[in-house]
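J.:
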Amino acid sequence: MDVDQWVNRVYQGDALEVLKTLPSNFVSCIVTSPPYYQLRDYQVEGQIGMESTPEEYVERLAAVFREAKRVLRDDGALWLNIGDMYIDQDLAMIPSQVALALKRDGWILRNHVVWRKLNPMPVSVRNRLACTWESVFFFVKSRKYYFDLEPIRVPTKVNGVKKNPGDVWILPTGSFKDAHFAVFSTDLVRIPILSTCPQWICKKCGAPRTRIVKVEKLYPEDHSKRKKWSRSLAKASVMREAPQRGWESIHKTVGWTKCGCEAGFRPGVVLDPFCGSGTTLYVAQQLGRYWIGIDIKPEYVEMSKRRVQPIYAEHLTKWI
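For what it's worth, our numbering labels the leading residue of the sequence shown as 16, then goes sequentially.
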């Protein structure tokens, strides 16, 4: 497949209709934040978000992701950020409804990540708590999928030791001078791309290169201290078997797998079917991945065009 004819382009049009034109089993990773229900009228015919009922909104999103599932590689992942809202003072549970709809369509839900915002929008409500977090759902297409934990590990107090970042991400909202609203956080996009979009894929067979990691276990040098730590951990009911397994581990990348095809490699492809201001595309480009953006609003397509490097500006494509 000649990927050059598809990648590093922004398509203007309805997400579902544009997705129908893309090849099957093609994209490595989808990272997106669709328009929230009844939050903003984009004044574009065919927009998603202004449906008369939550049920209609959920079904329209599910239809888009059914088609996105066809476009996604069998080892690919979908990261979906979506916010909630109130209907007659009753929390609508929109994110949960969307997640359940996708599960009914065969998506496998691996994590429900909590994005705790460092700078949430201030609210004037006095009869409930302020909303300070949003959902990020991590879906996969099959049980055998690409995932690289190493580049997203976070530092610990032990020098050289890094750990799994967990499913609560404390991150700020994003900003972009052309956008008059809060945008996708670049950090929120960076984690999914680094962990689920391969940096290199074989041009012939499509197999991703995987990281070869050497694990070095660390043990306390002082036996009495180790015994004390063991009691402390046991009391906290955390890793009771840790004294036998090693307290901490240092993970070092020592190489990458090769492919017998010897046909060379290309970057994985990141897709955002609701690309808005282009944050996903911008981060994908920064990380050396190919990208594809779709948005129904012409102004947002132009905004995405300005967001990515000028070298790709000529690839702006309007879907007719």
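Yeah, the Cβ is synthetic: ideal placement off N, Cα and C, and Gly gets one too.
(1) Closer than 8 Å by C-beta to T201: which residues in its own chain qualify, once you throw out the five before and the five after it? Chain order, please.
(2) With a threshold of 16 other CB atoms inside 10 Å of the CB of W271, please say whether the residue is buried or exposed.
(3) Go through its chain and collect everything with a Cβ distance to P223's Cβ below 6 Å, but skip five positions before and after it.
(4) Between the alpha carbons of E74 and D182, how many angstroms are there, rounded?
(5) So if DSSP puts A92 in a beta bridge, which residue, or which two residues, is it bridged to?
(6) Just the Cα atoms here: how many angstroms apart are L133 and W148?
(7) Can you grab the Cα-Cα spacing for the pair F280 / H127, in whole Å?
(8) List the residues that DSSP assigns as beta-bridge partners of G270.
(9) What's the call for R304, buried or exposed, on a 16-neighbour Cβ count within 10 Å?
(10) Among K219, K232 and L209, which one has its Cα closest to the Cα of R226?
(11) If we ignore side chains and look at the alpha-carbon of each, how far apart do P187 and L203 end up?
(12) Given a cut-off of 7 Å, decide if P282 and T47 are closer than it, judged by their beta-carbon atoms.
(13) Could you tell me the boundaries of the beta strand (DSSP E) in which R24 lies?
(14) At 3 residues or longer, and completely inside the segment 108-186: list those beta strand (DSSP E) runs for me, N to C.
(15) Taking only runs that begin and end inside the segment 55-90, name each unbroken alpha helix (DSSP H) of 4 or more residues, in chain order.
(16) Leaving out five residues before and five after L37 in sequence, what residues of the same chain have Cβ atoms less than 7 Å from its Cβ?
(17) Comparing alpha-carbon positions, which option in P110, R143 and V316 lies nearest V129?
(18) Give the secondary structure of E277 by DSSP, where H, G and I count as helix, E and B as strand, and everything else as coil.
T.: Reading from the atomic positions:
(1) G189, T294, Y297 and V298
(2) exposed
(3) Y161, P213 and I216
(4) 27 Å
(5) C44 and V155
(6) 9 Å
(7) 32 Å
(8) I227
(9) buried
(10) L209
(11) 9 Å
(12) no
(13) R24 to Q27
(14) 123-132, 148-155 and 183-186
(15) 69-86
(16) W21 and V86
(17) P110
(18) coil
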